[in-house]
Every structure is written in C-alpha cells, then in structure tokens.
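Chemist: This structure is in structure tokens; I'll ask about it shortly.
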Amino acid sequence: MLLGRYDAIPIDSWALTVVSKEWHAGARVGPADVEAAFARWGQWKGLAFWFWEYSSG
C-alpha cells in the first residue's frame, strides 16, 4: 500500500488478472470491478486486497 494508505488498491495488470479469475470466471475486468470486489472493506480495502488468499489455479 502506497505510503501506508490502506483505502486504495494498487490496480495494475496483476490486480486485473487475479480479480478476473477470482470473481469473474476469467472475463475481462476494469479498475471499477477491482474496486467493487473490495468495496465492502471500506477504508481497509487495500489491506483486504493485499492479504486475500487468491486461488492458485
């Protein structure tokens, strides 16, 4: 998390890929989809993103 800010998700190609596989069955996603996947954690969504146990397959 950038400079200790946990309210933001570092959205890059890796983030798009893992959210696509984890929540959208591999369909193409955008930054808004990544944000939506972690919105329920509010100000802590960056930590939730960082510590999420993504499936390896």
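Its first residue numbered 1002, the sequence shown is counted upward by one per residue in our numbering. Just so you know, even glycine gets a beta-carbon here, dropped at the ideal spot from N, CA and C.
#1: Could you tell me the distance, in whole angstroms, from the CA atom of G1043 to the CA atom of F1052?
#2: Grouping DSSP H, G and I as helix and E and B as strand, with all else coil, what is W1053?
#3: Secondary structure at A1028, three-state DSSP: helix, strand or coil?
#4: How is R1041 classed by DSSP in three states: helix, strand or coil?
#5: Using a Cβ-Cβ cutoff of less than 6 Å, which residues in the same chain neighbour P1032 once the five nearest sequence positions on both sides are dropped?
Modeler: On the basis of the data shown:
#1: 15 Å
#2: coil
#3: coil
#4: helix
#5: I1012
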